[in-house]
Amino acid sequence: MVSLKEKKLSYTLKGKLDGTFYQGLGTVIFGIVFMLVTPSQVKIYQGSDALSPRLIPYIILSLIVVCGVILMFQSLFKKPNLVAEVQEQIMIEDNSSDTTESKSITDLLIFIATPVFILFTAEHIGYTVIAIISLFILLMYYNVRPWYKALIVSLIVPICIELLYRTLGIYLPLGILENLIY
Amino acid sequence: MLLIEAFKEFFILENIILIPIALIIGQVLGAIPGMSSIMAIAIVIPFTYGLSPVTAVTILMSFYKGGLSGGSIASILIGTPGTAAAAATTLDGYPLAKEGKAGKALEIAQVSSALGSLFSDVLLISIIGLMAQVAMNMTSPELLLIVAFAMLTVGSFSAGNPIKGILSALFGIFVAMLGPDPTTGLPRYSFGFVELEGKLDIVPVLLGILALGEIFSEVYNRKMEGKSGHLPKPKQKSDQHMTKQDFKDLSPTIVQSSAIGAFIGMMPGLGPTIGAFLAHRAAKRTAKDPEKLGKGSTAGVAAAEAGNNAVAGANLVPLFSFGIPGDAEAALVLGALMLHGIAVGPQLFTTDGPMLYGIFISLIVADIFLIFIGLYFVRYFSKPLTMISTKYLYPTIIILMLAGTYGVTRGMFGVGVLIVFGIIGFFMKRFGFSIPAFIIGFVLGGSLESWLQRSYVLVNNDIGVLTRPSFIITSLVLIGVLFVMTRVNSVAGDTKD
Chain A
71 MVSLKEKKLS YTLKGKLDGT FYQGLGTVIF GIVFMLVTPS QVKIYQGSDA
121 LSPRLIPYII LSLIVVCGVI LMFQSLFKKP NLVAEVQEQI MIEDNSSDTT
171 ESKSITDLLI FIATPVFILF TAEHIGYTVI AIISLFILLM YYNVRPWYKA
221 LIVSLIVPIC IELLYRTLGI YLPLGILENL IY
Chain B
374 MLLIEAFKEF FILENIILIP IALIIGQVLG AIPGMSSIMA IAIVIPFTYG
424 LSPVTAVTIL MSFYKGGLSG GSIASILIGT PGTAAAAATT LDGYPLAKEG
474 KAGKALEIAQ VSSALGSLFS DVLLISIIGL MAQVAMNMTS PELLLIVAFA
524 MLTVGSFSAG NPIKGILSAL FGIFVAMLGP DPTTGLPRYS FGFVELEGKL
574 DIVPVLLGIL ALGEIFSEVY NRKMEGKSGH LPKPKQKSDQ HMTKQDFKDL
624 SPTIVQSSAI GAFIGMMPGL GPTIGAFLAH RAAKRTAKDP EKLGKGSTAG
674 VAAAEAGNNA VAGANLVPLF SFGIPGDAEA ALVLGALMLH GIAVGPQLFT
724 TDGPMLYGIF ISLIVADIFL IFIGLYFVRY FSKPLTMIST KYLYPTIIIL
774 MLAGTYGVTR GMFGVGVLIV FGIIGFFMKR FGFSIPAFII GFVLGGSLES
824 WLQRSYVLVN NDIGVLTRPS FIITSLVLIG VLFVMTRVNS VAGDTKD
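Chains as they are written, first to last, in this note's numbering: chain A, 71 to 252; chain B, 374 to 870.
Here you go:
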């Protein structure tokens, strides 16, 4: 009779091996795609005695493909260090559940979305303004309470950066504030 | 004459003020679990843009030294290493703190850190000239061999799976190839985007892959909380301080550990964590109480801290002599110098001698400051530091990094590159790829390409260059180094287990 925990472990161990396989596969695809686009993306200068500009990219991409294939073979044929992997897996099992996993992903996405949001809005709204808003939202999301504590940090950090940069002669995008200031 | 010029380069008010500030900020960042010394120096790079090269490197190295020694604070007070390099310090530091000897352990850690660092810097200054002379006499095939060796070893030793490490270095080289071809000047892989026709700026790539990727990773692993400990009060006055007798007893351990750390620092890819564990293991020979090692021994703290800090100066040896960064921290120093338009390598001794020796003086001065900070200040700010929650820190750092990148690249494209490489860094870390190998591949990709081209031309004209004594000796030395590194790595692996 296989226990639920053992079942879970064998499932996740299988997943782990597949993970290495897919990393290898992704690497191979990356290498082949770039090899295929190399003729259109790396132009050859006629009449030069030097090495072809495509040679080194081809060498590097070929090595990437070879390493990717080795990773795939490692995943398929290499005997995994079961003891270490089971120990590692038990630690992961103990520390995680579906809820914390989905919370981790949500947190990560929020942390990625914040700089992306700043990237696309800073030139229109102004870096400092958008940084104050983003920082406040992030701190509130991470349960910084009372709210005015989050607000104080959100105001102080971007304003200090703006002032420091102006002293150094670097001007962050002002966005809508440009018309108001100048 | 050179030394006088070097003193002139270094002894400016800016440097004298900034060294202790950078050391303390480095300690603050190093002490916070979840921050790493490398993240600390990555964040500060954009802010060194407007400074002189000596001041820029001084600040970076002070951050690094401060970060490494600050890592011991959390190790001792809460049993959670502030940085990976301080993990060995936890073995003895935390048990000592639980005995009410936190003050003593902190001072020993700080003094050992500073002395380890000083040893390493003196070694750097002593041998760097000789190493540079050797490098100056090398031609492209030998340099190509060394750079390829550095990439392979960093890749193999810094990732769990050597293939993933080598792949990381290859990805780094590939990213370095984006932009104009060195011989024709025509853009490569620009896909019609004007911004991709130039080379990618080093700062957003390094900052993204190292610092932003690390933050994404920590957020994903849910390390967003601070942790504080409740330690017993000291039983006697001597438990709070490092006494003269302690210093006398620990001196042999500090010297031995510093030598081990410095040796590890010169090897590409091994790094401070291995330095600390090896020194800790070796301390059994010099410690007065070897049976207590790992259970609360002052010698264990001294060994681990001297061992990890001695890596900091020595890892500049391959950087300044061959232009090859041995690890990610040295790559960041290289990045800062590149930002100032300085090409690092043996030619620096003739082109920028005063600047280079100015940097060396700054390293020594930083070590002396570190001793004073460790002895007189750390105890006052160490406890609150371990309670700082990263839920304030990470959002603030993101805002700082975005502004820093915009400041250096003067455009939003750089910020985009930072975010993309942050995401790449997260996935590399998650799937066990080597970030130091990627960085070294990226910063050395250009040199590798030009040396490969020159070597091709040389070998094409005369295949005899491959049988020249210098090529054969370099090959043999590298094989010897590889053997030693493999041995050291396996011993360190056993120690960590």
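Where is the CB? At the ideal position from N, CA and C, for every residue including glycine.
Roughly how many whole angstroms lie between the Cα atoms of residue 161 of chain A and residue 89 of chain A?
Bear in mind that the predicted position of residue 161 of chain A carries a pLDDT of just 44, short of 50, making it too unreliable to give a figure here.
Assigned secondary structure, residue 595 of chain B (DSSP; H/G/I helix, E/B strand, else coil):
Of the three classes helix, strand and coil, the one that applies to residue 595 of chain B here is coil, per DSSP.
Strictly under 9 angstroms for the Cβ-Cβ distance: is residue 769 of chain B near chain A by that measure?
By this cut-off, residue 769 of chain B is an interface position.
Please go through the same chain and pick out, in chain order, the residues whose beta-carbon is closer than 6 angstroms to the beta-carbon of residue 786 of chain B, but skip the five residues on each side of it.
In the same chain as residue 786 of chain B, and ignoring 5 residues on each side of it, the C-beta atoms closer than 6 angstroms to its own belong to 568, in chain order.
Which residues bound the alpha helix (DSSP H) around residue 471 of chain B?
For residue 471 of chain B, the enclosing alpha helix (DSSP H) begins and ends at 460-471.
Work out the CA separation of residue 716 of chain B and residue 538 of chain B for me, nearest whole Å.
Their Cα atoms are separated by approximately 26 angstroms.
For residue 613 of chain B, the nearest candidate out of B/381, B/477, B/463, B/840 (CA to CA)
Cα-wise, what sits closest to residue 613 of chain B is B/477.
What do you reckon, are the CB atoms on residue 552 of chain B and residue 573 of chain B nearer than 9 angstroms?
Cβ distance < 9 angstroms, so residue 552 of chain B and residue 573 of chain B count as in contact.
I need the straight-line Cα distance from residue 397 of chain B to residue 768 of chain B, nearest angstrom please.
Pairing residue 397 of chain B with residue 768 of chain B, the inter-Cα distance amounts to about 21 angstroms.
Mind checking who residue 243 of chain A pairs with in its DSSP beta bridge?
Bridge partners of residue 243 of chain A: none, in fact.
Simplified DSSP state of residue 634 of chain B, which is helix, strand or coil
Reduced to three states, the DSSP call for residue 634 of chain B is helix.
Could you check whether the region 813-823 of chain B touches the region 100-112 of chain A, counting it as contact only if at least three pairs of C-beta atoms, one from each stretch, sit closer than 8 angstroms?
Counting C-beta pairs closer than 8 angstroms gives fewer than three between the region 813-823 of chain B and the region 100-112 of chain A, which falls short of the contact rule.
When DSSP labels each residue in this structure, what does residue 552 of chain B get in the three-state scheme?
Of the three classes helix, strand and coil, the one that applies to residue 552 of chain B here is strand, per DSSP.
Tell me which residues share the same chain as residue 809 of chain B and place their Cβ nearer than 6 angstroms to its Cβ, disregarding the 5 neighbours each side in the sequence.
527, 531, 700, 701.
Local conformation of residue 641 of chain B per DSSP, three classes:
In the structure shown, residue 641 of chain B sits in coil (DSSP, three-state: anything other than H, G, I, E or B).
Identify whether residue 215 of chain A lies in helix, strand or coil by the three-state DSSP scheme.
In this structure, residue 215 of chain A counts as coil in the three-state DSSP scheme.
Based on Cα-Cα distance, which residue from B/793, B/649, B/416, B/483 lies nearest to residue 751 of chain B?
Considering only alpha carbons, the answer is B/483.
Quick check: the Cα distance between residue 129 of chain A and residue 854 of chain B, rounded to an integer number of angstroms?
One alpha carbon belongs to residue 129 of chain A, the other to residue 854 of chain B, and they sit about 26 angstroms apart.
Span of the alpha helix (DSSP H) holding residue 723 of chain B?
Run containing residue 723 of chain B: 721-724, per the alpha helix (DSSP H) assignment.
The region 836-847 of chain B in contact with the region 572-592 of chain B per 3-pair CB rule at 8 angstroms
Segments in contact, no.
Assuming residue 683 of chain B and residue 436 of chain B are in contact, meaning their beta carbons sit under 8 angstroms apart, how far apart are those beta carbons, in whole angstroms?
So it is not a contact: roughly 17 angstroms between Cβ atoms.
Give me the Cα-Cα distance between residue 693 of chain B and residue 219 of chain A, rounded to the nearest whole angstrom.
Each residue's CA atom was taken as its position, placing residue 693 of chain B and residue 219 of chain A some 46 angstroms apart.
Any Cβ of chain B within less than 9 angstroms of the Cβ of residue 89 of chain A?
The C-beta of residue 89 of chain A comes closer than 9 angstroms to at least one C-beta of chain B.
Residues in the region 803-827 of chain B having any Cβ partner in chain A nearer than 8 angstroms:
Residues 804, 822, 825, 826.
For the alpha helix (DSSP H) that residue 827 of chain B lies in, which residues bound it at each end?
Its alpha helix (DSSP H) spans residues 808-834.
Terminal residues of the continuous alpha helix (DSSP H) containing residue 510 of chain B?
Bounds of any alpha helix (DSSP H) do not take in residue 510 of chain B, whose DSSP letter is neither H nor E.
Taking only beta carbons into account, state which residues of the region 554-574 of chain B come closer than 9 angstroms to chain A, listed in chain order.
Result list: 554, 555, 556, 557, 558, 559, 560, 561, 562, 563, 564.
Against residue 831 of chain B, what residues of chain A qualify as contacts under a CB-to-CB distance less than 9 angstroms, listed in chain order?
Correct list: empty, because the minimum Cβ distance to chain A is about 12 angstroms.
Here's the rule I'm using: 16 or more other beta-carbon atoms within 10 Å means buried, otherwise exposed. How should residue 164 of chain A be labelled?
Its pLDDT being 47, under 50, residue 164 of chain A is placed unreliably in this model, and the value from its coordinates should be taken loosely. By the neighbour-count criterion, in which 16 or more other beta carbons inside 10 Å mark a residue as buried, residue 164 of chain A falls on the exposed side.
Would you tell me roughly how many angstroms separate the C-alpha atoms of residue 472 of chain B and residue 858 of chain B, rounded to the nearest one?
Between residue 472 of chain B and residue 858 of chain B, the C-alpha separation is close to 37 angstroms.
Under DSSP, the alpha helix (DSSP H) around residue 785 of chain B begins and ends at which residues?
Its alpha helix (DSSP H) spans residues 785-803.
Applying the 10 Å Cβ sphere with the 16-neighbour rule, what's the burial state of residue 236 of chain A?
If you draw a 10 Å sphere on the C-beta of residue 236 of chain A, you find fewer than 16 other C-beta atoms in it, and that means exposed.
Contact between the region 381-397 of chain B and the region 217-234 of chain A is defined here as three or more beta-carbon pairs at a separation below 8 angstroms; is this criterion met?
Result no; under three Cβ-Cβ pairs closer than 8 angstroms.
Starting from the C-beta of residue 379 of chain B, find all residues in its chain whose C-beta is less than 7 angstroms away, skip the five residues before and the five after it, and write them out in chain order.
Sequence-distant partners of residue 379 of chain B (beyond 5 residues in either direction) whose C-beta falls short of 7 angstroms from its own C-beta, in its chain, are 727, 730, 731, 734.
Check whether the region 658-669 of chain B touches the region 771-782 of chain B, counting contact only when three or more Cβ pairs, one atom from each stretch, lie closer than 8 angstroms.
Segments in contact, no.
Span of the alpha helix (DSSP H) holding residue 764 of chain B?
Looking at the DSSP string, the run of the alpha helix (DSSP H) that includes residue 764 of chain B is 763-782.
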